[in-house]
Amino acid sequence: MRVVETVDQIRAIRQTLGGTIALVPTMGAIHDGHRRLIEAARTDADRVWVSIFVNPTQFGAGEDYDSYPRPIDSDLDACRAAGADLAFCPTASQMYPPDATACQVTVPDLATVLEGEHRPGHFDGVCLVVAKLLNIIQPHVACFGQKDYQQLRVIEAMVDDLLMPVRISGIPTVREADGLAMSSRNAYLTEDQRRHATALYKALTEARRLVEDAGESDPTAVESAMRHVMEAHHFDVDYAALRHPRTLQPLDCIEPRLTHGVIALTAARLGDVRLIDNMLLGAVASQNDNTESKSADAA
Ligand code: AMP
């Protein structure tokens, strides 16, 4: 596996290559969720390139940019073992040269709800860095996790609107045996917090039960039930929401036939650790389940 640190170098390599390339953008601290993306990318293209870059522009003031884990040696080993052909690990000044104009990429409607309300500007930073990576690398496909469902929708919209010549592939969420979605931020949890963290998944499976089995049609009833499960496990809930899976807008009622499905999304804090998760419910979910667990059913 080649390791490349500069934009000039990776552009030069890219120009000499034929065949197809799948890009897996990451911020490192590689875990089984990232590994799954790399493996899925392998089935999509001749070569798999992983980027490892903790992107400063997607962190707000007071967030964990400085403390975000950066275990670069073990990350490179993990990418190599998962079958990546190249790792692109630029410095911040490679991606954001000091003399660059402060260009912005904004997807207003999708990026200002949910995470966007709690992390203003977050998706502008995500869009900017992903647009740069796509321009530098020009992959045929780029793989993103459904774990960050809103991010996936924002990037799909950016790529569509800007007519970018790349296919976006959404990969199911990889979970621990008790249902907790894998995340680099899980490493921040104390033993006690880790025990409670599974409540995020429990809240989502409760939403699934209410919508799919009990036929609940009132989104606010489901949202309250999700919130209740999390609060019982000491979470401070930022949001517990049922939304339209494409627009992420609120629903007046959950239609009984669930033709388009419903996305349940949540973000909540245990102490200083903020976790997010989501689950597709209904028709879409049963055709294309967005969850993959180490055990058969972790509920
Ligand atoms: P990150 O390093 O957190 O920016 O994540 C890089 C990519 O991995 C993003 O597309 C995430 O959605 C994806 N990802 C993170 N955690 C998981 C997971 N548990 N399952 C599947 N994909 C994930």
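Residue numbering for the sequence shown follows my numbering, starting at 2 and increasing by one per position. Using N, Cα and C, we set each Cβ at its ideal position, and we do this for glycine too. Bear in mind that the values here come from a model prediction, so they are computed numbers and not experimental data.
Tell me which same chain residues have a C-beta within less than 6 Å of the C-beta of residue i, skipping the five on either side of it?
i: A208; result: V223, M227 and A265
i: M183; result: H32, D33, G34 and V175
i: E232; result: none
i: Q59; result: H123, G126 and V127
i: H235; result: H197
i: L18; result: none
i: A85; result: M2, I39, V49 and V51
i: K295; result: Residue placement at K295 is poorly supported in this model, since its pLDDT is 48, which falls under 50; the coordinates still yield a value, given next. Answer for K295: A178, listed in chain order.
i: G283; result: L259, G262 and V263
i: R81; result: M2
If I follow the unbroken alpha helix (DSSP H) through residue i, where does it start and stop?
i: F124; result: H123 to I138
i: T221; result: P220 to E232
i: Y150; result: Y150 to D162
i: Y202; result: A200 to R209
i: A112; result: P109 to A112
i: C254; result: Counting along the chain, C254 falls outside any alpha helix (DSSP H), and DSSP gives it neither H nor E.
i: E64; result: Neither: E64 is in no alpha helix (DSSP H) and is coded neither H nor E.
i: Q105; result: No alpha helix (DSSP H) contains Q105, which DSSP labels as neither H nor E.
Let's see if you can read the secondary structure: which residues bound the beta strand (DSSP E) around residue i?
i: C144; result: V142 to G146
i: V49; result: R48 to I53
i: L87; result: L87 to F89
i: P26; result: I22 to T27
Taking DSSP as the reference, what is the three-state secondary structure of residue i?
i: I14; result: helix
i: L259; result: coil
i: M280; result: strand
i: G171; result: strand
i: P166; result: coil
i: L243; result: strand
i: R3; result: strand
i: T44; result: coil
i: Q38; result: Strictly speaking, residue 38 in this sequence is Leu, with Gln absent from that position. Three-state result, L38: helix.
i: S296; result: Residue confidence is low: S296 scores 41 on pLDDT, short of 50, so the model does not pin down where it sits. Its coordinate-derived value is still stated next. Coil at S296, not helix or strand.
i: D237; result: strand
i: I73; result: helix
i: T267; result: strand
i: V274; result: strand
i: A182; result: strand
i: R176; result: strand
i: A30; result: coil
Under 6 Å from any heavy atom of the ligand AMP, does the C-beta of residue i make it?
i: M28; result: yes
i: V175; result: yes
i: K133; result: no
i: M183; result: yes
i: F89; result: no
i: F54; result: no
i: F1; result: Any answer about residue 1 is impossible in this case: the structure gives the chain only from 2 up to 300.
i: D278; result: no
i: H35; result: yes
i: D76; result: no
i: K148; result: yes
Short of 8 Å in beta carbon distance, which residues of its chain neighbour residue i, apart from the five on each side in sequence? Order them along the chain.
i: A41; result: C144, S170 and I172
i: R275; result: R186, D239, A268 and A269
i: I138; result: I11, R15, I22, L24, W50, S52 and F89
i: T7; result: P91 and Q95
Please return the same chain residues whose Cβ sits closer than 7 Å to the Cβ of residue i, not counting the five positions on each side in sequence.
i: A158; result: V108 and L111
i: G117; result: H123 and F124
i: Y336; result: What the structure shows of the chain is the stretch from 2 to 300, and residue 336 is not part of that stretch, so it cannot be assessed.
Tell whether a beta-carbon distance below 7 Å holds between residue i and residue j.
i: D179; j: T206; result: no
i: V55; j: M96; result: no
i: D278; j: L190; result: no
i: D65; j: V142; result: no
i: S52; j: P70; result: no
i: L252; j: L243; result: yes
i: I156; j: V131; result: yes
i: A188; j: V230; result: no
i: I255; j: S218; result: yes
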